[in-house]
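Asker: All letters in the sequence shown, in the order written, are residues -22 to -1, 1 to 92 by mature numbering (1 follows the signal peptide of the UniProt record, and there is no 0). We put the CB at the ideal spot given by N, CA and C, even for glycine. Because the structure is a prediction, the values reported are computed rather than measured. Starting off with a structure, shown below.
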Amino acid sequence: MGTLTAALSGLGLLLLTHAVYSAHEHSTLHLTTPLPTDIAIELLLSTAMLCVAIVLRAPALRPVEWSAWAGQLEGGRKRGVKSREEREVEGGVYGVVRVLQERAGFADVRVRCV
């Protein structure tokens, strides 16, 4: 897919450069006439080709997870941070949200009041 996207982006860039040059030349030589349709079509086609090439060349999206970010922030397993399952067994959330849980006004709705 690398060769295809490189060729597509190169061709799109070449067509875009030609369309911009043609539009500039037309605007300097013909001041009163509007831009010809073929230049406008070439401009739109080259822009679409470049967009498709950029999307195809982009790497795959990675999942965004709060726990993965928090683990990286706290140093991960190097400092002995427990896994999500270990924290759930103990009944608490640690790390980044610990400050929010331990504040005076926090009421844990999962715990039954006696």
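Roughly how many angstroms lie between the CA atoms of Ala38 and Gly(-21), to the nearest whole one?
Answerer: Position 60 of the sequence shown, counting from 1, holds the residue named residue 38. Position 2 of the sequence shown, counting from 1, holds the residue named residue -21. Cα-Cα distance, rounded: 14 Å.
Asker: Tell me, please, whether the region -15 to -8 touches the region 20 to 37 by the rule of three or more beta-carbon pairs shorter than 8 Å.
Answerer: The region -15 to -8 vs the region 20 to 37: in contact.
Asker: Just how far apart, CA to CA, sit Ser(-1) and Ala36?
Answerer: Taking the sequence shown and counting its residues from 1, the one referred to as residue -1 is at position 22. Taking the sequence shown and counting its residues from 1, the one referred to as residue 36 is at position 58. If you take the alpha carbons of Ser(-1) and Ala36, they lie about 30 Å apart.
Asker: Is the beta carbon of Leu13 closer than 8 Å to that of His4?
Answerer: For the purposes of this step, residue 4 is taken as the residue at position 26 of the sequence shown. For the purposes of this step, residue 13 is taken as the residue at position 35 of the sequence shown. Taking 8 Å as the Cβ cut-off, His4 and Leu13 qualify as a contacting pair.
Asker: In angstroms with no decimal places, state the Cα-to-Cα distance between Ile32 and Ser24.
Answerer: Here residue 32 refers to the residue found at position 54 when the sequence shown is read from its first residue. Here residue 24 refers to the residue found at position 46 when the sequence shown is read from its first residue. Rounded to whole angstroms, Ile32 to Ser24 spans 12 Å at the Cα level.
Asker: Could you tell me which of Glu43, Glu20 and Leu34 sits nearest to Leu(-10), measuring between CA atoms?
Answerer: Position 13 of the sequence shown, counting from 1, holds the residue named residue -10. Leu(-10) has its Cα closest to that of Glu20, out of Glu43, Glu20 and Leu34.
Asker: Which of the three DSSP states, helix, strand or coil, is assigned to Met27?
Answerer: By one-based count along the sequence shown, residue 27 stands at place 49. DSSP places Met27 in helix when its eight states are reduced to three.
Asker: Looking at Thr(-18) and Leu22, is the spacing between their C-beta atoms short of 8 Å?
Answerer: The sequence position of residue 22 within the sequence shown is 44, counting from 1. The sequence position of residue -18 within the sequence shown is 5, counting from 1. The answer is no: Cβ separation not under 8 Å.
Asker: Can you find the residues in the same chain that come closer than 8 Å, C-beta to C-beta, to Ile17, ignoring five residues on each side of it along the sequence?
Answerer: Taking the sequence shown and counting its residues from 1, the one referred to as residue 17 is at position 39. Result list for Ile17: Ala(-4), Ser(-1), Ala1 and His4, in chain order.
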